[in-house]
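Notes to accompany the following structure.
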Amino acid sequence: MKWSNVVFVCLLVSIWAMSSRVYGNAAPSSCHLSPCDPALVTGTLPNGFRYLIMENKTPKNRVQIHLDVFAGSALEQNQEQGLAHYLEHMMFNGSRHFKPGELIKYFQSIGMDFGHDANAHTSYFNTVYDLVLPSGDQKSLEDVFVVIKDYAQGALLLESEIDRERGVILAEKRERDSVSYRTYKKTLAFELPGSIIPDRMPIGVETTIKGANREKLKGFYDRWYRPDNMALVVVGDLDAGLAKKLITKAFSSMKARSDLPVTSPDIAWTPHKGVKPFFYAEPEAGTTEVTIEHISFEPFDAETVDRMLEDTVLYVADQMFQNRLSGMVQARTGGFTGARVYSGRYLKNVKTAAVQAECDPTDWEDCLEHLSQSLKQALKFGFSQAELERVKADILSTLDAAVQAAETRDSSVISDQLLESLNHRELFLSPGQEQSILAPFIKTLSIETVNRTFRNNWPEDHRLVMVTGNLPAMENAEAGILKVYNRSQNLAVLPYAQKSQKTFPYLVLPDARAQVVTIQDNVNGLGICRMKLANNIHVNLKQTDFKKGQLFFTAVFGSGRMGIPKKFFGLDSLAVSTVNSSGLGSLDQEQLKAALSGRDISLSFDIKENHCSLSGQAALKDAEQVFQLLYAYFNDPGFRAKSLALEKARYCQDYERKKRTPDGAMQIQAARFLAGGDLRFGLADPAKLENITIDDLSSWLGPEFDNSPLEISISGDMNCDEIKKLVKTYLGAMKLRSPATPRQPLEPAPVFPKGKTLKIYPDTRLTDLGVIRLVFPTDDFWDIMKTRKLSVLAQVLSERLRKSVREDLGASYSPYVYNAPSMIYDGYGMMNFVVKMTPGMQDTINDRIINEIKDVLKNGVSAKELDFIKKPLLNHLNDLRRENTYWLDSVMANSFRYPERLEWACTLISGFSGIRAGELTDLARQYLPLSNRALILVLPSGP
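Dropping the structure here:
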């Protein structure tokens, strides 16, 4: 079960939706608003229970079901802080029709995976229970509505189960603690002084969690879990009429169990006046954040078309400002290493406008000054017509792409949008309706309107100026912040100097074309067309109807980490980010984005174990631009010194964050330990960055782009004949590449540290969170059936750990097991048992893990437990085969080097379904002898 904090997401990730999203309680569903998607079926039963149903065929035989209870942490009394979230957990621990432990078994028996297909989350104003049903037939719906009704009114709330779950919730609370969470709580208390919200974090407080009992939980349950305070969202491959009939039958008999009225909490605060500074030092943060913000109270009214249009204007303005800040980041202006702009509504009544930038702690004054000056500049002089046209083109392209893909929208996406609409009192529109409303409006939107709306969003009488993060504590910090801000405001600003715009494409194609030398249709009956050009470029095409109007592509080239130079050991992520932020040789990243405005294309570079890649997706209408972009990357790649400098700064910031957290410290040190100290593994110390130059990067990756073996795979809604013409035009124009060579294992192979222990002590003030990781050497990737069996064995062991460590011991929130086979080192792979825990529990948990392993070695894997794992696994694999990314990443990509990947796709379902319990037992006995293990402990303080 996850607990969500919508504000946290809005503030730290930023708000990019056309109209902001907020949670509310007892809000009228969007079906009561006009206009509304005509495909939506809605209704309210006599007892007040509401339902929203929508038929959708993607994916086939799947139904998304959400019970939305309009009760979250904001409705708790002071002595109840955490009960809403505690109650969410208890719904899985015994109800009218499912004794404790039976519900998860029921999910597994029908092919649902607990955590993936059955989950829940608690926020300030809502608790939502999520189910993904593997069938939409009548029996499946009838059965699952029994589960939903039990959530709504049938929880047993047994004292024994409450006591057992207490440890799990405390473990979750420990795991949720983080630098960003602590900063968010402090910042929210400053932003909303006197409001109840800062004291209503969904996870709750330890005293309430430790003191929770049946009486307290049942009091909250009876008061808020009532039919007129909840709604059911059902989306998927089903008959809406049948679903409506079954909902009426199942839920009409529900009655309120409390006479107390359903009320909305008052979250009012005492607003700040004028300019108000705020400082919070968080030594464990990797960066310092500088924020300038305006906050005001706004009534929680239902969205109208007029308000949607107003929010769209703000979005346009924010995007123009964002483009400016992104350019400053790339230019290293003001010491920025990241910047974002956001406007919107959250927490029902909070309306905000904010600009935020990240920097190193020594640069905070410069950062604040430049951020303040940039905002002042935008408010005084406004934005230009050229800036507006760029954003307009991008939005219109996005709207068009949404309409093209509407027929194959995923049910999970639709149901999430319905929940947002329901809880945020927003319009729920089809992509066609959104386009019909927004496209004409955007096309005629004037720069004068945008500039006026942007200024109105930033009234001059109020600013919150916040500096948080890893800068040292300062005497009179708030006075210092105010001094810097006022100084910056007194400086004169000049109009924005827009960077020169460049066109794309800019390369001239040669007259000569390499011919297609071989072509194979329907390879292995997979619907894949394979081509080879005379210049040694290989092409794979698969036409699909999974996503209408969308193409997905991957270009595979080079040797990846197999060919990494010694100077870059542990720094491949630096190389990846530098290439991604460099753009092309003749266009930097921001110029490239501007040149591609109006084209719905995404592309990113990556370095994998045995290859490099350029991957992305695009609207079908932009297919030619995809080929133009690939042609440009391979003929004029960008390696920029400014980008390298930016990514070095970001790497240092990220390293600082990681070394202070259990997960991050594990990432830095564990991989190298498990490879016997091999420097090719783990993350390099930032001190190594001093010796890395852009020439180093170019000399490594330049030849990879220039002439290494190249294969391009495309999957999606396309006419293959049209794509073949583009292949001949653009790929045929490329020069001769090196031929592909058979797989050769990389030598020397790492040496696994059998019997050894590594203790890691992160530089953190957290004293109540540690990690234990038991690791066993297994095997490499290339015996595919062995790899599949080891992955299933890991799932079986994960389920055992869930029961033993989470359910029985209550010592960890999310223990898990996974197998990680290598694709480049023969015989190298690892089975990992990972448990986050309270320090001091490591011996107990180690014993639990070892006992589970001993039991598997002695008694083997049972057919029953394998069957519970298999059913949801096969359901997910069938869904996977209806995803373009599967065909790209798991089948076609690199098949020119490894043609066996095409054979594996033919046996995906049969291979996994044919796995037997005895085979897993044999693998456990082969690879899990206790003498083989290595142990890693992450503890909060040194010896």
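Under our numbering, residues 41 to 983 are what the sequence shown spells out, in order.
Glycine is no exception: its CB is placed at the ideal position from the N, C-alpha and C atoms.
Quick check: the Cα distance between residue i and residue j, rounded to an integer number of angstroms?
i	j	result
Glu649	Phe667	25 Å
Leu534	Leu684	29 Å
Asp820	Met871	11 Å
Lys316	Pro743	54 Å
Thr986	Val208	Missing from the structure shown is residue 986; the chain here goes from 41 to 983 and no further.
Glu246	Ser637	50 Å
Arg777	Arg465	56 Å
Leu127	Phe185	19 Å
Gly122	Gly850	17 Å
Leu173	Gln555	49 Å
Cys76	Gly244	37 Å
Leu415	Ser298	51 Å
Lys799	Ala357	51 Å
Val395	Glu787	49 Å
Leu928	Ser755	7 Å
Val874	Phe713	16 Å
Using C-beta distances below 8 Å, list every residue in its chain close to residue i, excluding the 5 sequence neighbours before and after it, in chain order.
i	result
Ala663	Leu591, Met758, Glu762, Ile763 and Leu766
Ala252	Gly122, Leu123, Tyr126, Ile202 and Arg206
Are residue i and residue j closer than 7 Å when you measure CB to CB?
i	j	result
Gln475	Lys542	no
Met131	Ala195	yes
Ile889	Gln835	no
Val273	His106	yes
Met294	Pro267	yes
Ala192	Tyr146	no
Asn96	Gly276	yes
Leu349	Phe260	no
Leu920	Tyr926	yes
Gly900	Thr961	yes
Tyr671	Tyr801	no
Gly589	Gln444	yes
Asn576	Pro779	yes
Per DSSP, what are the beta-bridge partners of residue i in this structure?
i	result
Asn872	Val815 and Tyr858
Ile559	Met571
Gly384	Thr392
Tyr261	DSSP output for Tyr261 lists no bridge partner at all.
Gly314	His502
Leu750	Ile577 and Phe597
Cys946	Paired residue(s): none; Cys946 is not in a bridge.
Lys100	Per DSSP, none; premise fails for Lys100.
Cys399	Thr328
Met94	Val275
Kindly list the residues whose CB is nearer than 6 Å to the CB of residue i, restricted to its own chain and excluding five residues on each side of it in sequence; keep chain order.
i	result
Ala710	Ile976
Phe421	Pro535
Gln583	Met758 and Cys760
Phe674	Phe745
Asp718	Pro790
Lys539	none
Excluding the 5 residues preceding and the 5 following residue i in the sequence, name in chain order all residues of the same chain whose CB lies nearer than 7 Å to its CB.
i	result
Pro238	Lys225, Leu228, Ala229 and Leu232
Gly623	Gln629, Gln631, Leu632 and Gly678
Val524	Glu405, Leu408 and Glu409
Gly64	At Gly64, the pLDDT of 32 sits below 50, so the modelled position is not reliable; the number obtained from the coordinates is stated separately. Same-chain partners within the cutoff: Phe165, Phe340, Lys388, Asn463, His464 and Arg465.
Met270	Phe89, Leu107, Asp108, Val109, Phe110 and Ala192
Tell me where the beta strand (DSSP E) around residue i begins and ends.
i	result
Gln583	Ile577 to Gln583
His502	His502 to Gly509
Leu107	Val103 to Val109
Phe597	Gln590 to Phe597
Arg965	No beta strand (DSSP E) holds Arg965; the alpha helix (DSSP H) holding it covers Ala957 to Tyr967.
Thr884	Counting along the chain, Thr884 falls outside any beta strand (DSSP E), though it belongs to the alpha helix (DSSP H) covering Gln882 to Asn899.
With residue i as the anchor, note down where its alpha helix (DSSP H) starts and where it stops.
i	result
Cys407	Trp404 to Phe421
Glu120	Careful: Glu120 lies outside any alpha helix (DSSP H) and carries neither H nor E.
Ser838	Ile824 to Leu841
Glu329	First-last for Glu329: Thr328 to Phe337, but that is the beta strand (DSSP E), not the alpha helix (DSSP H).
Pro702	Pro702 to Leu714
Met360	Val345 to Ala371
Cys692	Ala681 to Lys698
Report yes or no: is there a C-beta of chain C within less than 7 Å of the C-beta of residue i?
i	result
Leu419	Here chain C cannot be found, since the structure has a single protein chain.
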